[in-house]
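In our numbering, the protein residues as written are 585 to 1397.
Positions of the beta carbon are idealized from the N, C-alpha and C atoms, including for glycine.
Single-structure report; data block below.
Here's what the structure looks like:
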């Protein structure tokens, strides 16, 4: 009969008063006559056979055997010695050259295992391994919690910089290997560093990352909102992430820790749902890659204005009230019980138990969802469609701010960079359609320029071929404050985001034309260009150096009528402003073709007329079918050392004139400021010397200054040494500023004249941008901000549209 086995737990039950052993396994053993036993004592807390069973299963009796065992598994076939085995084991986890826990790894380890090592200790320590085993034993005994893999405390954001750094590291390692190989094969005494180093692997790694990585995407630039949303996107896909097919429901689900960090609404419909998310409005990513959300601190039941950012791990320790919890005028909770969140649960807490409070109800959702008015009344699925469809809105010719907004519109317009905000307080000096010049009035730092020049973009093509154009909102002489909007961009109206138009909509049937998701439009919408947008198409042509000879961009094209060439200049490139229709030539180009055998008749004709046109063929760039538009811009790129044609020279001259105008404006404002300050300093002083013809001992007044050209004012001298020192400093600063302006201008001109980097074999490249005006037509998609979308089915005359009591016709049914 077996009473006990090795590995059983030793228990004892004593009498509380007398201390006499009453029961347990110890009493049984004593009754059987055993008074000495071999015990495995771990730490007085953990009991359970697993450590003893582990030790029993391990056949190694000492440290050397264990090292050899590990060495044989890692490097089979090599006979180990104690030193090599020790070195190999050491390098596995304890050598910073070979093992890196990373700062994040150390921080997570400290939090999970309750350690307090510095985050600079990036290798494993013995204490860490003991703590890991202790935690596993605790879990086996039912103590502690297992980790939730979907908690945002256990998921981190890898930002662009980090991904880039990893790629670059790979490139540098390749480079290191190449250098070591080269060093072993050359005479080390005679070789120079530049002979060893080849930077190509590092450059190739970077190029590969930006060119072919799944996470390197072409920016969505349809409108300002789509741009800002794309930049705030979080993806669980890509290298080191999940794949669509393998991601289950848990990963895609909304988790309580998403609150204020990841938007629960904005995510694509379809196979990527929940894997691609958007950052919440006020969320930020900390240095370890964890998403933090802001909260207001509560001290003595009083809500303060101090804001703290917490990650999901830190937040779980606190009790957090909602942003709309009612407060009195002193910032105290009105209700005794407050609805709060605490470690993933929502419950009522007494007001003195609350630690933090949300900063705003908007912090829960993303930027796009925060643009939906009355979001709280919408169904989540429709809000998802609404926030996704706002990104598809095309910028209209005439933008109009929404009548009902959420207050987020001006913020998106400014932060997306669509609308231009003044950098410094000042006065508008000049305004035209292409630039705004602001004279900074409150600039005290003499080393900085006293003028800001804002270049406005005019009819630029976005990545999605929509039109980026900016319009000034200010007039000459207006005072502007720093941060004030001075120019509107695409889809902005006086600094507010304006993605659509305010129109009158009737909800009613109309002869079945608006069945299900169809929309009926009034002719007025089309006639008045309410929903008209401009799209800019880009066409490009390259002149290459072929085996038969170079291609040529020219106006002289064989077998083409003069009528077809009427829009081309001498260089064979279309004029800016020309109206083009399908089949029109945009850039004339001829390509040499191989000599074909000639018939005797052709030889005779060629001998008589000297006809030479037959050895080239017409390869001109023409407008594609179905495209009508206006040429808005032409760019000509020439290879280094290739002679520029007349058109390229004209474009270059125009650009240099623009740069010179900017320089002259900045110069004149600088002169005005500096000479104004000089006049203030000199006025009322008695001159000890001055320009030619000025008597010394006379007081300097306005007349004396006006009688001399400004450049001679520096010759005035006074007996006040301190003042003269100031004037000298002013002059030095003036000369420095002038030099800086001139050198900046020269640099820019040099850059212009240098020639362009073109693909191999290309001598010259011409890009033509054509603006196309598109009116709304049947088949186009229209949508509101609440996910109410539809397709235009028919455009009806105004007289057939339903109307209101006062005779006003509706625009949409």
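Whole-number beta carbon distance between residue j and residue i, since they are thought to touch under 8 Å
| i | j | result |
| --- | --- | --- |
| residue 981 | residue 1116 | 5 Å |
| residue 996 | residue 864 | In fact, because the Cβ distance is near 15 Å, the residues do not count as touching under 8 Å. |
| residue 1340 | residue 1222 | 6 Å |
| residue 1249 | residue 1014 | 7 Å |
| residue 861 | residue 828 | Not confirmed; about 14 Å, so no contact. |
For residue j and residue i, the rounded distance between their alpha carbons
| i | j | result |
| --- | --- | --- |
| residue 984 | residue 1082 | 5 Å |
| residue 805 | residue 713 | 50 Å |
| residue 1020 | residue 1396 | 40 Å |
| residue 815 | residue 866 | 14 Å |
| residue 1226 | residue 1111 | 50 Å |
| residue 1322 | residue 1251 | 7 Å |
| residue 1141 | residue 1350 | 17 Å |
| residue 1383 | residue 1109 | 13 Å |
| residue 841 | residue 765 | 51 Å |
| residue 1173 | residue 1337 | 24 Å |
| residue 900 | residue 834 | 20 Å |
| residue 824 | residue 657 | 27 Å |
| residue 978 | residue 779 | 54 Å |
| residue 1048 | residue 1119 | 9 Å |
| residue 800 | residue 746 | 13 Å |
| residue 873 | residue 1057 | 40 Å |
| residue 1276 | residue 1018 | 45 Å |
| residue 1123 | residue 1379 | 32 Å |
| residue 1150 | residue 1232 | 19 Å |
| residue 1074 | residue 959 | 25 Å |
| residue 1219 | residue 1354 | 12 Å |
| residue 614 | residue 605 | 10 Å |
| residue 770 | residue 759 | 17 Å |
| residue 1203 | residue 1171 | 9 Å |
| residue 1319 | residue 1262 | 14 Å |
| residue 888 | residue 924 | 17 Å |
| residue 673 | residue 637 | 24 Å |
| residue 1107 | residue 1347 | 50 Å |
| residue 773 | residue 681 | 29 Å |
| residue 1156 | residue 1148 | 11 Å |
| residue 639 | residue 726 | 22 Å |
| residue 715 | residue 641 | 22 Å |
| residue 1199 | residue 1344 | 25 Å |
Residue i versus the options, residue with shortest Cα-Cα distance
| i | options | result |
| --- | --- | --- |
| residue 669 | 676, 651, 1222 and 675 | 651 |
| residue 648 | 671, 837 and 869 | 671 |
| residue 1375 | 1388, 1361 and 1387 | 1361 |
| residue 869 | 740, 925 and 913 | 740 |
| residue 691 | 684, 700 and 683 | 700 |
| residue 1132 | 1148, 1067, 1138 and 1201 | 1201 |
| residue 595 | 609, 589, 824 and 605 | 609 |
| residue 1377 | 1090, 1254, 851 and 1097 | 1097 |
| residue 812 | 998, 784 and 936 | 998 |
| residue 783 | 762, 801, 1036 and 1347 | 762 |
| residue 803 | 1013, 1316, 1290 and 1000 | 1000 |
| residue 819 | 852, 793 and 792 | 852 |
| residue 952 | 857, 929, 1011 and 849 | 849 |
| residue 1237 | 1334, 1253 and 1193 | 1334 |
| residue 1002 | 1052, 960, 1228 and 961 | 1052 |
| residue 710 | 677, 777 and 1178 | 677 |
| residue 793 | 1305, 1357, 822 and 640 | 822 |
| residue 528 | 589, 593, 663 and 737 | Residue 528 is absent from the structure shown; the chain starts at 585 and stops at 1397. |
| residue 526 | 908, 1281, 1253 and 1311 | The requested residue 526 is not part of the displayed model; the chain covers only 585 to 1397. |
Cβ of residue i within 7 Å of any chain C Cβ
| i | result |
| --- | --- |
| residue 1318 | This model lacks chain C altogether; it includes just one protein chain. |
Minimum length 3: unbroken beta strand (DSSP E) runs contained in the region 1179-1234: If we require 3 residues or more, the beta strand (DSSP E) runs fully inside the region 1179-1234 come out as 1200-1202 and 1213-1222.
Between the region 1357-1372 and the region 964-974, do at least 3 Cβ pairs fall closer than 8 Å? For the pair of segments examined, the region 1357-1372 was found to touch the region 964-974: the number of CB pairs separated by less than 8 Å reaches three.
With contact counted as at least three CB pairs below 8 Å, one residue from each stretch, are the region 939-957 and the region 873-892 in contact? The region 939-957, when compared against the region 873-892, does touch it at the 8 Å Cβ threshold.
Using 8 Å as the cut-off, can you tell me whether the region 953-966 makes contact with the region 1041-1048, which would need three or more C-beta pairs spanning the two stretches below that distance? They do not touch, by the three-pair rule.
Enumerated in chain order, which unbroken segments of the alpha helix (DSSP H) with a length of 4 residues or greater are wholly contained in the region 874-933? Fully enclosed alpha helix (DSSP H) runs of 4 or longer: 896-899.
Every unbroken beta strand (DSSP E) within the region 819-844, with a cutoff of 3 residues, ordered by chain: Complete beta strand (DSSP E) runs here, min 3: none at all.
Is it the case that the region 786-796 contacts the region 749-758, given that we only count it when at least three CB pairs across the two stretches are under 8 Å? A contact is defined here as three or more CB-CB pairs under 8 Å, and the region 749-758 meets this definition with respect to the region 786-796.
Taking contact to mean 3 or more Cβ pairs, one atom from each stretch, closer than 8 Å, check whether the region 1328-1342 and the region 1296-1307 are in contact. Contact check between the region 1328-1342 and the region 1296-1307: fewer than three CB pairs, one atom from each, fall below 8 Å, which does not count as touching.
Three CB pairs or more closer than 8 Å across the region 1003-1012 and the region 1065-1079: Segments in contact, yes.
The region 677-690 contacting the region 703-720, beta-carbon criterion three pairs below 8 Å: As far as the Cβ criterion goes, the region 677-690 touches the region 703-720, which means the pair count is three or higher.
Between the region 1255-1273 and the region 1237-1246, do three or more beta carbon pairs fall short of 8 Å? By the criterion of at least three beta-carbon pairs nearer than 8 Å, the region 1255-1273 is not in contact with the region 1237-1246.
If you scan the region 955-1032 from start to end, which runs of the alpha helix (DSSP H) of 4 or more residues do you find wholly inside it? Annotation: the region 955-1032 contains the following complete segments of the alpha helix (DSSP H) (minimum length 4 residues), in chain order: 964-973 and 993-999.
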